[in-house]
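K.L.:
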Amino acid sequence: MVEIKPLTRRMLLRGTGGIAVAMPFLPSLAPRSHAGGALGAPKRFISLITGHGGAWGQFQYPGDETLTEQQSYAGHTIRRGDLVSTVEDGVRQICPILSGESSALTDEMVGKISVLRGLDIPFYISHHWGGCMGNYNATTNEEIRPSLTPRPTIDQLMAYSDSFHGGKVSVLERSLLINQSNSYGWSDPQAGSGEIQRLPASRNNIELFDRIFVEQPPDEPPENPRPLVVDRLMAQYNSLRQSDRRLGAADRIRLDEHMSKLDELERRLTTVISCGDVEAPTLNTEQLSSAQDFITNTESQREVWGLLNDVIVTALLCDTCRVVSIGADGPFFAQGVTFADWHQEIAHQARNQSLTQEQLDAGVTVLPQHDLWPGYQAMFEYQFLDLMTKLNIEDPYGGNLLDNSLMVWQQESGRFTHDSLSLPTVTAGGAGGTWRTGQYIDFRDRSRNVMEEWVTGQEPSDPPPEEIELYTGLFHSQFLGTVLDAMEMPRAEWEVATGGYGDDYKTPYGPEEFVHPAAREDARFEALPWALV
Amino acid sequence: MALHAGCYTGSSGNQAATDGAEGTGDSDAVDDGGGSDDDGDGGDDGVFGCTQEGLPETIALRRLSKVQYANTVADLIAWADADNAEAILAQAQSEIDQLPDDLRVRSAQDFRGGMRRLDQAVHQEHINQSYEVGRVVGAAMTTPDRIAGLVGACATDADTANDEQCIDDFIARFGERAHRRPLTDEELVLYREVFDGDGATQGMESVAFADVIQAMMGSPFFLYAVEHGEPDPEEDGSYRLSAYELASRLSYHFWQTMPDEALLASAASGELVTQQGYEAQVDRMLIDPRTRAAVGEFYRDWLWLEDVPSVAALLGSPKYDGFLDGMTPNAETTQNMRDEVLRMALYYTFDVEGGLSDLLTSDRIFPVTDDLAAIYGVAPWDGQGEPPVAPEAQRLGLLTRAGMLATGSSNSHPVLRGVFIRRALLCDPLPPPPADVDTTAPSGAAGSSTRQAVEALTEANAVCRGCHDSFNPLGFILEGFDAAGRFRTDERILHQDGSVIDTVPIDDTAIARVDGSDASEVSGAAELAIALADSGRVERCFARHYVRFTFAREEDLQEDACMIEGLSALATDQPLSEMLRSVAFTAAFRQRTFEQ
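Quick mapping for you: the protein sequence lines, in order, are chains B and R.
For the first sequence, counting from 1, position 72 maps to 72 in my numbering; every step adds exactly one.
For the second sequence, counting from 1, position 170 maps to 703 in my numbering; every step adds exactly one.
See below:
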């Protein structure tokens, strides 16, 4: 049996309008079931996906000099090194985007981060919402979409896996989907069948809180307990399903799917949680983020992310949910309005090395890139690092909550908006001891710079000389499979017939030179080198 | 000309009410048969010609939309306890709000737009929340001070002899509303078991009534449109909807809620399946304000009104402030813009005998707020009587509404304006942008207009030109209106600090190719509006969207061809309300398939 430690003062969460978890924390009635974390504690998974991307390498990644080791893998040389940071004026920096106040981004925290470079979706995926977590079919590129098999995203595989939950699901909520949805699941997720559908997300922290804390039954059961209404509903749906009243085959499938969800509802209604006294949040993030000036009100944005993070931490701490997916689109933390149309003027021009004459005539003084990357820095500091910090507490089920979790931050695009090579990927936490931390890995094949073949560097819209580099790397799906390995999801639950996670690699990404060699295709079924302990 | 039998009368008048459809339909509507896209408009929208009768596959177990669900809960409560309805609904409102929003579902090969009614996904949150709504409503309706009003005096009197009848009556009465038809004997037993709670219920306990309400509000007959149909005696293999099923279809289509007393009575008496009875109910429903609200939802989705961006988000940006040049949008302006488009569309649908061409070419404007009136340069309309005429001759029709033109930035967006016309108004398929698309902002610069900037970017090579040629010109023709919807003859090129660094004349002449082939020039929004109205293609596209809205599915280009053709014919020369009405007389509306 897992020994569950009571909450200590360090675990107390309290913020203005946020959630307060008051002592004493009374962990769930043991034994809870877990998926073998390092100390027997449950593993938790948190995904953050930010729209666009497009930050230059010099801002997004540590310097090459930190890559101190190399090995040959899948036909080319890959590199790694320990993450290093510097501190100046109270700011610690791994790279410009991965920086923050040194009081928060401590040496210890740097040791819990990993940066991965060279994870490619090897075809033009345009705008997409599910690609980062594995449903490449969720793209706006209608030319390629029909050839991509819809599939559940990895967070939903975990959410509906008994294995992930240690054999029996004991959480209240399978997954928390926050702000914008990047999650896709089966219409009958318990059976793993039906259609793949995009799942709804909420940006309302109070609504999310309500999902992870429901009114609990009284300690003393009533003398004459009433049966759950859901049981009767199940009987009614089943009666209709089995009746000889005329229905189409698809009608019956819908009834089956509904009954499957009633089954899940019943599971939820009979789940007992115990987390001491938890005060519900009072400030409403949906209202805050609906304010007219929200996109430029950095303080308000910071507050919203902080409040949402409070819900996440409380859910994980109280073990009412183990899977969280967060989505956010730009602009992020705009430092005042310097644009009239962020998508066009900033995101889509962020690769330009200089301003055009027209822009200069119009009084533009800041390169779009310099409007863009600080937004990602702020997302790192006020969302990702804030969540890391709040998770870096004792886990009542043993060990450290952050160490028992795996946080993954991915961006929609690589170096340039819509570029699907090298999706920036940052992780935090050790997934309960299986994920290696404190390192920077570059999976790219640096022997061939494909950008040199089609960019002269002479145009204002070209990147600066040091950014004229684009190398192919390993498959993004290989990363997803590795994450599932780290979370100890049995491969039988997610591996496709051809092996690995996903099989949609037959469409070349534009020019021939973007096609990944066969050796990398073969390797995509393996765990990424250096990634796991 | 006569309506095609297959389109408007189902399978040759196999239902009493069907016979009336021919009479109530438009006698000028046409069945001209023919092959693919033989509508003579020159465009190719992919719809087959009406050559055969057919019934497209009915979507499976249609879920109530969020709006329909919320309306149904509210109406059920109001029916059951009018005195306390407001308070009861207030208790349940936050739970209702937490149901997943319906998403706009794009049709195949579409990459923008979409109809909310097509979202038939059922998520776990639908089940959890509807269960919770049922629990809260059940508890709120059965408080000690309300239960007698809900169940009857028998619920609280001292006489226990009437308890059994009291319970059974309540189950039958409430169940008929919740199920939208009388309960079967089996269901009466089931709900009685819910009340009894495996023996846990002691007498007339409120919680037992609450459980019954919760069970009914979670039943398949409450959350879905469960249709069994009945064999058509006149045509093997066909199934017509029962009277109660038909009542629900009508009610959810026109009112977005459960059938009312009169509709249920009409179903119960059998009148609804007679020609006269059906017509009477459709006509009664059509003039009800709830139909106006439902059709408003159709227009909101068809015209992408959700995509109208905030015109206040960038306030404070020197460049945007400079662009506004004294215009003062506020947090409500964007919604006011959407509302004006809806007001116009509904005006020509319900308030006057308007047709689609009026919607496309009217010189009337409908601003009822100061902010919008300022954009148009008029005083606000009081909403009564004749709406004012737009001061500018170019401001003709739907496309010149501020809500259709605003971009939320200082840049007009001719590309997106053109794409909207192609996709939403003409139903022309457009391929997605290619992989190596140059996405640089199409903004004007000193000596160069936005149009010129877009041309330079998108027409420099054949690959871009291949697609942009089809929609850029449509957007260019609307360049006489800026990014806030104001009429202009010159484009002001702005410095980052908001000052004007150049002024370039507007060129709003282009070859629109509304029908895909006509190479004549169109100058300005007014001519474009007329060209669209004259093309006959908008009616057809309108009909396709209305089919999606009505049946919560994408149209079947083959099986729905006759219906689309009939509806578009009505939209051409009849009031819009007539076209909306006529869908209730189609075979697809009153019949269904059962695919095995």
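Every residue gets a Cβ at the ideal spot worked out from N, C-alpha and C, and that includes glycine.
Is it true that the CB of R:Y772 sits closer than 9 Å to the CB of B:R246?
P.N.:
For the purposes of this step, residue 246 of chain B is taken as the residue at position 246 of the first sequence. For the purposes of this step, residue 772 of chain R is taken as the residue at position 239 of the second sequence. Closer than 9 Å, so yes.
K.L.:
Applying the criterion that 16 or more other CB atoms from any shown protein chain within 10 Å of the CB defines a buried residue, is R:A550 buried or exposed?
P.N.:
On the second sequence, residue 550 of chain R is found 17 positions in, with the first residue counted as 1. At R:A550 the pLDDT is 33, less than 50, meaning the model places this residue with poor confidence and gives no usable figure here.
K.L.:
Measure the Cβ-Cβ separation of R:P921 and R:A935 and say whether it is below 9 Å.
P.N.:
Taking the second sequence and counting its residues from 1, one reaches residue 921 of chain R at position 388. Taking the second sequence and counting its residues from 1, one reaches residue 935 of chain R at position 402. Not a contact, by the Cβ cut-off of 9 Å.
K.L.:
B:H476 by DSSP, collapsed to three states: which one?
P.N.:
Stepping through the first sequence from its first residue, residue 476 of chain B is reached at position 476. B:H476 falls in the helix class under three-state DSSP.
K.L.:
For B:R246, would you say it is in contact with chain R, using Cβ-to-Cβ distances shorter than 9 Å as the test?
P.N.:
Mapped onto the first sequence, residue 246 of chain B falls at position 246. It does; some Cβ of chain R falls within 9 Å.
K.L.:
At a Cβ threshold of 9 Å, is B:S289 touching chain R?
P.N.:
Taking the first residue of the first sequence as 1, we reach residue 289 of chain B at position 289. Judged by the 9 Å Cβ criterion, B:S289 is not in contact with chain R.
K.L.:
Specify whether the region 311-329 of chain B and the region 203-214 of chain B touch according to this definition: at least 3 beta carbon pairs, one from each stretch, less than 8 Å apart.
P.N.:
Short answer: they touch.
K.L.:
From the beta carbon of B:P189, is the nearest beta carbon of chain R less than 9 Å away?
P.N.:
Position 189 of the first sequence holds residue 189 of chain B. Yes, because at least one Cβ of chain R sits closer than 9 Å to the Cβ of B:P189.
K.L.:
Just the C-alpha distance for B:P146 and B:T271, rounded to the nearest angstrom, thanks.
P.N.:
Residue numbering aside, residue 146 of chain B sits at position 146 when the first sequence is read from its first letter. Residue numbering aside, residue 271 of chain B sits at position 271 when the first sequence is read from its first letter. When rounded, the distance between both Cα atoms is 40 Å.
K.L.:
Please list the terminal residues of the continuous alpha helix (DSSP H) segment that includes B:H76.
P.N.:
Position 76 of the first sequence holds residue 76 of chain B. Premise fails: B:H76 lies in the beta strand (DSSP E), 76-82, not in any alpha helix (DSSP H).
K.L.:
Looking only at DSSP bridge pairs, what is R:A978 linked to?
P.N.:
For the purposes of this step, residue 978 of chain R is identified with residue 445 of the second sequence, where counting begins at 1. R:S981, per the DSSP bridge assignment.
K.L.:
Residue ranges of each alpha helix (DSSP H) run of no fewer than 4 residues wholly in the region 875-937 of chain R, ordered along the chain?
P.N.:
Fully enclosed alpha helix (DSSP H) runs of 4 or longer: 889-894, 903-909.
K.L.:
Any contact between the region 395-405 of chain B and the region 113-132 of chain B? By contact I mean 3 or more CB pairs, one from each, below 8 Å.
P.N.:
Taking 8 Å as the limit for Cβ pairs, the verdict is that the region 113-132 of chain B does not touch the region 395-405 of chain B.
K.L.:
Taking Cβ-Cβ distances shorter than 8 Å, what residues in chain B pair up with R:H761?
P.N.:
As a position in the second sequence, residue 761 of chain R is number 228, starting the count at 1. Per Cβ cutoff of 8 Å: R245, R246, L247.
K.L.:
At 9 Å on the CB atoms, spell out the chain B contacts of R:D634, in chain order.
P.N.:
Working through the second sequence from its first residue, we reach residue 634 of chain R at position 101. Ordered by position in chain B, the residues that pass the 9 Å Cβ test against R:D634 are P200.
K.L.:
Just how far apart, CA to CA, sit R:D744 and R:L796?
P.N.:
Here residue 744 of chain R refers to the residue found at position 211 when the second sequence is read from its first residue. Here residue 796 of chain R refers to the residue found at position 263 when the second sequence is read from its first residue. Near 28 Å, if we compare the C-alpha coordinates of R:L796 and R:D744.
K.L.:
Where in the region 1019-1090 of chain R do unbroken runs of the beta strand (DSSP E), each at least 3 residues long, occur, reported from the N-terminal end onward?
P.N.:
With a minimum length of 3 residues, the continuous beta strand (DSSP E) runs that stay inside the region 1019-1090 of chain R are 1023-1027, 1033-1038, 1042-1044, 1054-1056.
K.L.:
Work out the CA separation of R:G803 and R:Q809 for me, nearest whole Å.
P.N.:
Within the second sequence, numbered from 1, the residue matching residue 809 of chain R stands at position 276. Within the second sequence, numbered from 1, the residue matching residue 803 of chain R stands at position 270. Those two C-alpha atoms are separated by around 11 Å.
K.L.:
Between the alpha carbons of B:Q357 and B:T296, how many angstroms are there, rounded?
P.N.:
Counted from its first residue, the first sequence places residue 357 of chain B at position 357. Counted from its first residue, the first sequence places residue 296 of chain B at position 296. When rounded, the distance between both Cα atoms is 27 Å.
K.L.:
Is it buried or exposed for B:P490, if we count other Cβ within 10 angstroms and need 16 for buried?
P.N.:
The residue labelled residue 490 of chain B in the question sits at position 490 within the first sequence. Classification of B:P490: exposed, given that the 10 Å Cβ count is below 16.
K.L.:
Whole angstroms is fine: what's the gap from R:E886's alpha carbon to R:L1109's?
P.N.:
As a first step, residue 886 of chain R must be located in the second sequence, where it is residue number 353. As a first step, residue 1109 of chain R must be located in the second sequence, where it is residue number 576. Rounded to the nearest angstrom, the two C-alpha atoms are 8 Å apart.
K.L.:
So what does DSSP say about B:M407, is it helix, strand or coil?
P.N.:
As a first step, residue 407 of chain B is located in the first sequence; it is residue number 407 there, counting from the start. Residue state, collapsed to three classes: strand.
K.L.:
Could you tell me whether the Cβ of B:Q301 comes closer than 9 Å to any Cβ of chain R?
P.N.:
Looking up residue 301 of chain B in the first sequence gives position 301. For B:Q301, the answer is no, since every Cβ of chain R falls outside 9 Å of its Cβ.
K.L.:
Within a Cβ cutoff of 6 Å, which residues of the same chain sit near R:D896, ignoring the five residues on either side of it in sequence?
P.N.:
The sequence position of residue 896 of chain R within the second sequence is 363, counting from 1. V922, A923, L929.
K.L.:
Under a CB-based cut-off of 9 Å, is R:P947 close to chain B?
P.N.:
One-based indexing of the second sequence puts residue 947 of chain R at position 414. For R:P947, the answer is no, since every Cβ of chain B falls outside 9 Å of its Cβ.
K.L.:
What's the C-alpha gap between B:R203 and R:A654?
P.N.:
By 1-based counting over the first sequence, the position of residue 203 of chain B is 203. By 1-based counting over the second sequence, the position of residue 654 of chain R is 121. Going by the C-alpha atoms only, they are around 20 Å apart.
K.L.:
Could you tell me whether any Cβ in chain B is nearer than 9 Å to the Cβ of R:D731?
P.N.:
In the second sequence, counting from the first residue as 1, residue 731 of chain R sits at position 198. Yes, contact with chain B.
K.L.:
In the region 397-414 of chain B, which residues sit with their C-beta less than 7 Å from some C-beta in chain R, listed in chain order?
P.N.:
Result list empty, no residue passes.
K.L.:
Per the contact definition of three or more C-beta pairs closer than 8 Å, is the region 412-420 of chain B in contact with the region 79-89 of chain B?
P.N.:
Flag = no, the region 79-89 of chain B and the region 412-420 of chain B do not touch.
K.L.:
Tell me the rounded alpha-carbon separation between B:V483 and B:V496.
P.N.:
For the purposes of this step, residue 483 of chain B is taken as the residue at position 483 of the first sequence. For the purposes of this step, residue 496 of chain B is taken as the residue at position 496 of the first sequence. Computed Cα separation, rounded: 16 Å.
K.L.:
Can you list the residues of chain R that B:P227 reaches, using a CB-CB cut of under 8 Å?
P.N.:
The count along the first sequence starts at 1 and reaches residue 227 of chain B at position 227. Result: G730, D731, A733.
K.L.:
Within 10 angstroms of its Cβ, does R:G980 collect 16 or more other Cβ (buried), or is it exposed?
P.N.:
On the second sequence, position 447 is the one that residue 980 of chain R refers to. Classification for R:G980: exposed.
K.L.:
Measure from the C-beta of R:E1024 to each C-beta in chain B and report whether the shortest distance is under 9 Å.
P.N.:
Along the second sequence, read from residue 1 onward, the residue named residue 1024 of chain R stands at position 491. With 9 Å as the cut-off, R:E1024 does not count as an interface residue toward chain B.
K.L.:
Among the candidates R:D915, R:I610, R:I629, whose CA atom is the shortest distance from the CA of R:I621?
P.N.:
Counted from its first residue, the second sequence places residue 621 of chain R at position 88. Looking at the Cα atoms, R:I610 is the closest of the given residues.
K.L.:
In terms of DSSP beta bridges, what is R:P1014 paired with?
P.N.:
Position 481 of the second sequence, counted from the first residue, corresponds to residue 1014 of chain R. A small correction: the amino acid at residue 1014 of chain R is Phe; Pro does not occupy that position in the sequence shown. R:F1014 pairs with R:F1020.
K.L.:
Given that B:I326 touches chain R, what residues does it touch there, using C-beta distances under 9 Å?
P.N.:
Position 326 of the first sequence holds residue 326 of chain B. The contacting residues do not exist; B:I326 stays about 17 Å from chain R at best.
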